[in-house]
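Going by our numbering, the residue at position 1151 of the sequence shown is 1157; the numbering climbs one at a time, nothing skipped.
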Amino acid sequence: MGPDVPLLNDYKQEFFWKRFPQTILGGPRFKLGYCAPPYIYVNQIILFLIPWVFGGVGTVLYQLNILNNCWASVLAAGLMLLAAFIVQGMSVWVRQKNVTVEIFPSENTLADEDEFDFSSCAGPETIKFIIPGKKYLINTVFHSILAGALCGLGTFYLLPNSLMLLYTNTGATFVLFVFGWVTVCIGEYSLIINTAVETATFQPQDTYEINALTRPLYIFLFIAMDLAYRFTVNPTLLQINQIFHIIFVFLPVIWAVGILPPVDALFLWVLEQVLEFGLGGSPMATNLRLLAMFIVSVGVVIATFFIPSTLGVVLFTTGMGFILSLDLSQADTLFRFCCRTTHASLEYPKYFGKRIGWHLGWKEALIYISLLIVTLVEAGLLHFFVRRSATFKISPQTVISYILIVTLVIWKIFQEIQGAYILFGFFRNPLFPKVLRTVRLFEQKRAILMKFGFIQRILLNLISPFAMVAFLSVDTSLQDLHTASLCIGFTRAYRIVWQNTENALLEVVVIAIVRLATVHSSLVWWNSIGTGIQLLMVGIIRDRFFQATSKLKFALTVLVSSWTEKKQRRKSSSVIITLNVILFPVVLTVIGLASALSAPLLPLFTLPVFLVGFPRPSKSWPGSVGAAACVCPDSVYYQHMMHNLANAFSKAFSAGSLGNPSPGSHFLCRFQDRLIWVLVLERGFGYCCISIKGLELQETSCHTAEARRVDEVFEMAFEQEDQAETCLINQHFGNILTPCDVLPVEVYSDARNVLTGIIDTHENLKQLKEDFAKVFIWVLLRYTNKSKSSQNIQDNQPLQQNRTWSDECIVTSVQTESSISPKDSFSINSETFNEWSDGDIFELESIGRKTRISLVKNMIDVQQISTKPIVTSIPGSLESQSLSPDINEEELPKKTPPYGLPAIDKGGKRFMESGNHEIAPLVVFSCPYSSKLKVPENWRSGPFPSLLLQKLLKSFPDEWYSFVLTLMDVVQSDEKSSITFEVKGDKTLREMYAQVVMSCYGIMLGTDSTIPSPNQVFKVYSGDIPWSFGLDWLTQKPELFTLALKAFRYAFKLMFDKASLGPVEDFVELVNYLEEYERDWFIGMMSQSEWQQAILQEKPYLFSLGYDPSLSTYTGRVLSLQEMLLQVGRLNAEAIRGQWANLSWELLYATNDDEERYSIQAHPVLLRNLTVQSADPPLGYPIYSSTSIHVPLF
């Protein structure tokens, strides 16, 4: 797609220009897109102005001194309440009427989907169109009461006399009165008549009708400020109230551009901001944890206020700050694990055994308790003795300040040199390894950096917290603690020391430097607010400053790349860039406002047109983390590597190579064709919580373009030795991705090969036919030996001596469907395989063949025609259908036996047991131990005539059969060798195996000497065996079919290995190959569910055969589990938040879901397509999304 693709298509543009005026006015629909009667517009205008009319009545009575301001407000509220109930009652009546009396209007198929047929001014369709009504009765009542209160308080807020007292200007009073009432009417209309779709949309669906409360809520907040001023008469509040009245008239514009968040986003954002900056906590991984932690933290502040002694306050805030900074959910997890029942253990996380670094156990709990005791003792002793000693030449706090400054400098230097780039990602780190080929070589070259990483970890996790606790404990402002501000300040200070040590260290050092610089001067106001509030203010400034720098870099990246990237250069680019340069102060103001509100900087359609997005939580999305993903078969690769990747991140965070893992940080990982998105959700002492998302592997053109740029950025940082030596500057500094580190992670390495020259070679295919019989013998003997050993039955039963295997004669009559009557036949239908009871993970593809067969068993003195055989259903096999239930089997006419068969002696007829096995003769083995290796009875009746079977038996590999028998543990005794020799000499056992093996051989590869074609090999490998004589016999035996398919896949893998590595020298090497396949390999198809199970079970190797129809080539895919180097880079968090904010606006408000829209096209600098993918569904489409993962930082 070209750069000038429309931002909105024609239909969406028309839709947008119908919706946007409705958003500005709060709900009235004056632009419908079709012709409507005039009374539709008149009715909406009347309903819009009703609050102003009622408020005007109260205002006039107040101005005439008939009512005071309170009673005038009550009168307006009462009238509005009555009107609200009437309006909502009309809506309820219309809906009930439509339910009880069903109306079938004439349908106009050519009309627009939102067109209504209006019959009258107050008709049901008119009321339904103007007043849609509420979904819940409780909202009908609550919103009506709220509408009355809003009208009454709005009247009180906009009384002309009150406005004159504020501004003493008639013109200003008139303007504020008129436009103020417009604001109130907009809020009332959206609350009680029809809620407008807000540009600031947080939830995809407004299930509980919360959006109707958004505009009234902000009106109430402005009125609350006015009431606070009137009851306190504070000069500061006077100025704030004057400013708020001016902003009040601009609220419709602010609502229209979407700066103010909806109620749910506002609630979560306020909790997060207060918890982080007011109480010293951290954004939490879930909304429930956020609410719980907020309540507990507020409780700590309240308790601190009522503690009488300063020593008690120091000990309490120190202890609670340390405890609340820990991941308390780990204690709950440990408790449930220790107290789990048998049933509960099934629900426990599968990967509990795969612990990631430091987890809470009794040893860890003991260490935490020791740290808590030490910090309590330190804080208590320092505060107690320093307060009583006044004879210090140098203040103890001054000494500690120097220690903290030195600690910060050393820690920052040691942390910076851990990553690939230093100084905000601008210069290359000369100490970072330049060539990364293997894990071992990388770890050797990085050994020195790891030592520095250990030092910075000690400085950060041990020295810094205790030094900061000492700094706070000797502070003089603790003497005047019992004020609300000081309680809040010191509670926050003692907590952030542990909750986010990096930020706390920077804030304390800034305070220390200011005090050292002003030691001979007096900053009265600054010193009067206390150290706790100073730290709080510095913390807010620090956060907003770094946000502003990230937003400014993001804005410059969008602006510059819109011209430098040719594919992003639109016809309007030069105009937009010129306007940004001319209005650069305005752009800086927008960036500053967005930073002050901690809101995303929204680039409209990802163009350099910047708006302030509404404030929202740091994770950006309303739903639970990991609650939804676009799951597909490729998701299993991310699911497998999740815990290994989290473990690698734990080590990298501890070493400091990824920087400060603050909540809201984003990381992008690259390995082969996999792209992993990591988001930090929560941070505390010794831990952080992350979420891992996996992006699609089936790359689109946009995905490929951005993935290629990601590879270039990483190659420039990690893999190009020559350029690394000559270029010390990051050439991709403008990109939102900054390479950080390379992490050794145990993952599946994916290798794909084209099998041209292997699968189509005559010699290889010929060898495949020979190897199949050998491999099948090995598989079959292992199966029978294992099953007989596990069952351990029939060991002591006397052997039957009256029959021999060679005495049995099998005659199979194959007829067409048309030549057999329904009563004498059974049909075979394609079904699905049941899971093999032995736990093997090979299954079959569909076998789409249908036939009808009639089995005739001929024995010496017994003959029976089976009309109702018992056949086990297998996936992809042919399943028998029983006779009609109303036909009695005894009443069926007896058919004349086929020519050449002896007559049936009815008196001597013996019916075999009608179980799950077919009729089979009793056999006699020359060795009594041979019975341990006999095959199941229903496998012994072959499908081929005697002559054809004898021809196949000539190809049976006797030497290999004897060799494999020597490997079987037939019996555990000292005479094992002699017993094995006897078993090898048992001709009956040999003939039994020969017939089973060669029958399957003939069915799968043909009975003649023809070499199979590559297409036939692929079909047999995939389980779609071409129809052949005897296929139905095989597919009716699920376990035998599965074993035969398993043997064929092993034989194909053996052919692949011999073609790649060379021929097999002897039987011992062949057995080693097969044992390795059985132990370490899954050989099957990618489409099987067992493929995914094998990955999750961490099978060392996986092999699959495939076919590429576009190139007409056969491919082999090998997955090998090994430790590989995974490249990690840090993303500009503000760039991600800004693009996600635009995505939310564009899809939820503008409904621009066009798959080829401009804002989803590839942008190699902004990584726009990858960013859209990584968003939470339904707006994004990651194929895997994990829940919150606890990552230790020790």
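For glycine and all other residues, C-beta sits at the position ideal for the given N, C-alpha and C. On a predicted model such as this, the values are computed, not experimentally measured, just so you know.
In the structure shown, TYR1164 adopts helical secondary structure according to DSSP, grouped into three states. In the three-state reduction of the DSSP assignment, PHE691 falls in the coil class.
Counted as a single uninterrupted DSSP element, the alpha helix (DSSP H) harbouring ASN533 occupies residues 530-534.
The DSSP-derived three-state label of PHE433 is strand. Within the DSSP bridge table, the entry for GLN1133 names ARG676, VAL748 as partners. Between the alpha carbons of LYS1052 and LEU959 lies a gap of roughly 21 Å. Residue pairing by DSSP places GLN1128 opposite VAL753 in a beta bridge. When rounded, the separation of the alpha-carbon atoms in ASN506 and TYR47 is 57 Å. Taking every protein chain shown into account, the CB of SER1005 has 16 or more other CB atoms within 10 angstroms, so this residue is buried. Its Cα nearest to that of THR316, the residue LEU478 stands out among LEU297, LEU468, LEU478, GLU571. Contact between LEU608 and GLY619 holds: CB atoms are separated by about 4 Å, below the 8 Å threshold. Taking PRO1183 as the centre and dropping the five residues before and after it, the same chain places the C-beta of ALA634, ALA635, CYS636 closer than 7 Å to its C-beta, in chain order.
Take the alpha-carbon of GLN1099 and the one of MET1092: they are about 11 Å apart. Under the DSSP assignment, ASP1114 falls in the beta strand (DSSP E) whose first and last residues are 1107-1114. Contact between GLU712 and LEU1173 is confirmed by a C-beta separation of about 5 Å, below the 8 Å threshold.
Approximately 55 Å separates the beta-carbon atoms of GLU1081 and PRO623; this is outside 8 Å, ruling out the contact. Excluding residues up to 5 positions away in sequence, ILE698, SER1192 lie with their Cβ nearer than 6 Å to the Cβ of MET648 in the same chain.
Inter-segment contact for the region 589-604 and the region 543-562 is present: three or more beta-carbon pairs are separated by less than 8 Å.
In this structure, the beta-carbon distance from ARG715 to PRO1170 falls below 7 Å. Of all C-beta pairs linking the region 177-188 to the region 253-269, three or more are shorter than 8 Å, placing the two stretches in contact. Per DSSP, reduced to three states, the secondary structure at LEU1040 is helical. A distance below 7 Å separates the beta carbons of VAL748 and GLN1133. Residues of the same chain with a CB within less than 7 Å of the CB of ALA476, apart from the 5 flanking positions on each side, are GLU384, LEU388, ILE406 in chain order. Out of PRO314, LYS1064, ILE375, ALA779, the CA that lies nearest to the CA of MET326 is found in ILE375. Collapsing the DSSP output to three states places GLY1122 in a strand. With contacts defined as CB atoms closer than 7 Å, PRO27 and LYS37 qualify as a contacting pair.
Judged by beta-carbon spacing, THR205 lies beyond the 7 Å limit of PRO268, meaning their Cβ atoms are not closer than that value. Secondary structure note for HIS1196: its beta strand (DSSP E) is the uninterrupted segment 1195-1198. Counting only residues of its own chain and dropping the five nearest sequence neighbours on each side, ILE229 has a CB closer than 8 Å to the CB of LEU159, GLY160, PHE162, TYR163. Shortest Cα-Cα distance from THR213 to any of LYS141, ASN1175, ILE192, LYS457 involves LYS141. Contact between GLY139 and VAL98 holds: CB atoms are separated by about 6 Å, below the 8 Å threshold.
By alpha-carbon distance to ASN944, the top candidate from PHE60, GLU1045, TRP966 is GLU1045. Take LEU743, set aside five residues on each side of it, and the residues of its chain with a beta-carbon closer than 7 Å to its own are LEU674, VAL716, VAL719, GLY1135, LEU1137, LEU1173, in chain order. PHE950 is positioned such that its CB atom lies no closer than 7 Å to that of THR994.
Inter-residue distance for GLY948 and PHE962 is about 15 Å (C-alpha atoms, whole angstroms). Each of GLU721, CYS694, GLY665, SER641 was checked against the Cα of ILE682, and the nearest Cα belongs to SER641.
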